[in-house]
Every structure is written in structure tokens, then in C-alpha cells.
Amino acid sequence: MTAATAGPALPAPDARGPVREEQEGHGCVTVRSHRFTAAAGTRSGAVLRLHPGHDRAEETTAALLLDETARPGESAARYAAVRGGSAHAVQEAVRLASDRLGRPWPAPRIPGLPPTAPARTALVTRPREDLVPADLVDALLDQLPRGSFDVTVQAHLTAEERLLIPAGAVPVRETVHTGAVVIDVLAHGSPVADVDLAWSGCVPPDIGGLCRRAEQAVQRATAPQRPAPPRMQLLLVDGSAGAFLHEVCGHLLESSRQRPSLLAGYRQRQVAHPGLSIADDPRHDAGFGSHRYTMLGAAARRRPMLTAGRLTGLLEDRPDGPWRAEDARHIPQPRMTHLDLAPAARGLDLDRALGAARAPVVRVHRMGAGSLDHRDGTVVLEVKDAVLLEGPRSHRLAPFRVTAEARRLLLGIRAVGCAATVTTWSAYCLAASGRLPVGASTPTVLTGPLSVLSRTPPGPSAASRPGSIRP
């Protein structure tokens, strides 16, 4: 384990607490047609084997209502979901949600549906999927370098058509496509290295680039290991800064009335390094899980959260919040989608910070699972692929975990790289509202000094990996 050394303290929070706005009742019915397809294969020596795939489709209808509570300006989510994607399903979802609301809520008008249309008329159609997971698996097994290692490849695709019918607003339709591939390299049944790739839209992924990343990961993984030094600074490259900021910043700034952010009273206060300007952008072209509408039927928008280190926004459970859910089984919550960290205007700042490093610098290529304790801000991060830099030489480190207090980590950042260092990261994030695709676009980031508390290698955890074929 590692922990951050003492850093600058936060100022006292605003005594008034988080600002709340008056809310009226808001609601939306979402009709979905969802399709999930997956495939997997292995290569052992010259033997290739494709495993049975998955192909599952379903239609669901859900009603989400925000109801005013006894406390002025606050609301509670009332939710109900049923199987099916017809006009009858809309009526059933609204009836169940009204029961939980404690009063009638009028069923919304369904666009383009004549009053005389049968109640079982389908409102959404099964979306088309042009890519085939088995073809992606076959192509990767064929192109990956051959050697003494075994290879496992998993791929999955999701396609979903949504009809969102918000109360008092124009209904909208949206089709969302996502896909992911993960490659595991094994020796005698034990993991050696893994890489993954995830995307949104119907554009085929960069198979060649993924194969090159797998080869580089194997080269690093087969080098002799040494334990992590007792004290270090992390140089986050190859998208690992995205995984870092997802936990340290993104989850820290998710705020609800049941679980307010630890920074909820710090608006317009300096809470991070001045080089950090971060926004959540659910419409980002390179975002994994990008979308145009929230589960309340509102247009998704870019949300600035940190501006030059000052807190400028939270991900809140308001009517205009970033409401998301994996599917109808999960109650929507305000969740991040794609964090966008602005690069520095020049790379000289990062060079100077590296030259002034007060501890050995560890270059991190890949991080694993992470978690944030919302009660006290403790963050735990798994470092899976990292090398210790000693002048022109580098030494591979055994996997380890780091832990620190998130607010001090943000204040202790040393530098951010320029635009030439920007890379993307993607994963699945688990929470009460389901397993959602998330991502980030980040330049290189250099942290402040960290101290090693434990060198126990972490156990395997596939929960956050985009390539998991679990639906």
C-alpha cells in the first residue's frame, strides 16, 4: 500500500453548505431495445479455438420521477420498470411509479402513435449491429505475435435504441453502440500481461494498434521484477492518468442528497493543483458510453468540474444532472461518463517538475481496479504495469497498490503534460446504477511523493475491464 505524504490542507468549507435550487417535479419514461453479443477465443501454440458466444436481446420500459421531499429544494427518485417496449408497457411503468409516488402521474403522450393503435404496438425496434464479435476475436488471434505464450481474446458489442418521453417536453430517440475487446497473455496458465480497447459508435476498432500494445506489454512483463521503492512519485502515461482521475476526482465530485460529496461546500475554492481543469463530457467523440440524452430526457452536456484547480461543478442529483443507468434493472443515478483533462500549454512544466522530483519516479503504463471511500476520501488504486526510472535505465516493478486521501492527492499534483501526451482510457464502473461504460482523455500527469505501506501483490479483479463478456 502507498499513501500520500502530507500536502497542503483544504480551506474551511463554506458554512452555508452546497447551494440547492428549487425544483419542480420531473419525470421521464424510457423505452429500450437492447442487444448484447459476445465471443471469445484462445490460441495455444498453433491451435486456435473459438468458444460459444452470447446473443441476448430484450425490450424494457422504465419510469423515473423526481418527487419533492419535505425539505425545500430537495427531491427523491421514484422508479419502476417492466418488461416490454409497447404502449401497454409505458402505461404499466407509469402506474407502478405513481403507486410509489403516492399520487397519480399522467402517462406521457407517445409521439406518432394514434389513439386507436393497439396497446401492444412496439415503440422501439431492435438496433442493427454491423460488427460481429467472433470476427474481431478471429482477427486478433490471427494478428497477435506468435510465441511461447497462450492468448485469450474476449470481445463484446452492445446496441441499444432508446425512446425517451420526458414530462412536458418533446420525446427524443437515440441509438447507442459500444464495444470492447480484452487480450490476456498467459504462461502455463498464469497471467503475464493484459490490454484492452473500448469504443462507442459503429467504427471498427484499431486492431493493429491493440496488437502492438499487447506486444509492448509482454516485453515489459517478461523483464525481471523488483519491488516498489519505499517512496515514489507516479508519472501516469498511456491513459493511466484517466484511471487515476476517475477515482480521485470523478467519484469525489459525485454528490447526492443521501451521500453529498466531501467537497460539496467548497464551490469556487482552490481544491486541486492549478494545472487541473477537468470536465465531464458525455458527448465526447472518443468517449466510451457517449450519449446525447440523460435518463430524464434532458440533453446531455459538458460539465466543468475543476477550473485551474478551483471547484466549479459537481455531478449532482438535480433534474439537469447526468442521470445514467446500465439497464432497467437499475435505478438511475448521477454518474460521470468521460473526464476531459485540459493539457498544459507547454511541456516545459512537466520537464521541470521531473527534474525537481524529490522521490524516485515510477512510470505507470496501466492501472487496475480502484475504489473511493466517500466517508473519508480514502482512495485505493491498483498499479499493474509500471517501471522505475533511474536515469536512462528503467526497471520493471511487481504489481502493487497505492492508497491516499483523494483531496490531498489532487492538491499534491506536480505537473500536467502538453497536448502531445494526451491519450484515452476506458473501463466499466460498478455502482448501484449498474455497470456503466466510462472513459477519459488525459495528458501525462506527475503526482507528488507517495510512500509504500505494503508490497502485497493485488489479486485479480476483472470488474472494471472493458472486455469482460458478462452482460
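Heads up, the sequence shown is in numbering that gives the first Met the number 0, so the first residue is 0 and it goes up one at a time.
Ideal Cβ placement from N, Cα and C applies to all residues, glycine included.
**Item:** Backbone secondary structure at Cys-201 - three-state DSSP
**Value:** The answer is coil: DSSP assigns Cys-201 none of H, G, I, E or B.
**Message:** With DSSP as the reference, identify every bridge partner of Asp-193, one or two as the case may be.
**Reply:** Asp-183
**Request:** Note down the Cα distance separating Arg-362 from Ala-220, rounded to an integer number of angstroms.
**Result:** Rounded to whole angstroms, the separation of the alpha carbons of Ala-220 and Arg-362 is 14 Å.
**Item:** Environment of Glu-21 [buried if 16+ CB atoms lie within 10 Å]
**Value:** Because the pLDDT at Glu-21 is just 36, under 50, the model does not fix this residue reliably, and the point stays unresolved.
**Prompt:** Taking 8 Å as the CB-CB limit, is Thr-446 close to chain D?
**Reply:** Given the protein chain composition of this structure (a single chain), no chain D is represented.
**Request:** Assuming Ser-32 and Arg-125 form a contact by the criterion Cβ under 8 Å, report the distance between their Cβ atoms to the nearest whole angstrom.
**Result:** 5 Å
**Request:** Just the C-alpha distance for Leu-313 and Thr-441, rounded to the nearest angstrom, thanks.
**Result:** 19 Å
**Asked** Which of the three DSSP states, helix, strand or coil, is assigned to Gly-416?
**Response** coil
**Prompt:** Alpha carbon to alpha carbon, how far is Val-81 from Ala-61?
**Reply:** Annotation: Val-81 to Ala-61 spans about 6 Å, alpha carbon to alpha carbon.
**Message:** Quick check: the stretch 285-303 against the stretch 340-351, are at least 3 beta-carbon pairs closer than 8 Å?
**Reply:** no
**Prompt:** Taking only runs of the beta strand (DSSP E) that begin and end inside the stretch 257-283, which ones reach a length of at least 3 residues, in chain order?
**Reply:** 277-279
**Asked** In chain order, what residues of the same chain have a beta carbon less than 7 Å from the beta carbon of Ser-289, not counting five sequence neighbours either side?
**Response** Ser-199, Pro-281, Arg-282, His-283, Thr-336 and His-337
**Prompt:** Are there 16 or more other CB atoms within 10 angstroms of the CB of Val-169, so buried, or fewer, so exposed?
**Reply:** exposed
**Prompt:** Where does Glu-246 sit, in a helix, a strand or coil, going by DSSP?
**Reply:** helix
**Request:** Assign Gly-411 to one of three DSSP states: helix, strand, or coil.
**Result:** Here Gly-411 sits in helix by DSSP.
**Request:** Could you name the residues of the same chain whose beta carbon sits closer than 6 Å to that of Gly-26, not counting the 5 residues immediately before and after it, in chain order?
**Result:** Closer than 6 Å at the Cβ level, and outside the excluded window around Gly-26, lie Leu-64 and Ala-166.
**Residue burial classification, His-155 (beta-carbon count within 10 angstroms, cutoff 16)** = buried
**Request:** Would you decide whether Asp-195 is buried or exposed? Buried here means 16 or more other CB atoms lie within 10 Å of its CB.
**Result:** Of the other Cβ atoms in all chains shown, 16 or more fall within 10 Å of the Cβ of Asp-195; this residue is therefore buried.
**Message:** For Ala-227, tell me which candidate among Leu-396, Arg-99, Ile-164 and Gly-433 has the shortest Cα-Cα distance.
**Reply:** Measuring C-alpha to C-alpha distances from Ala-227 to each of Leu-396, Arg-99, Ile-164 and Gly-433 identifies Leu-396 as the nearest.
**Prompt:** Straight-line CA distance for Pro-273 to Gly-296?
**Reply:** 35 Å
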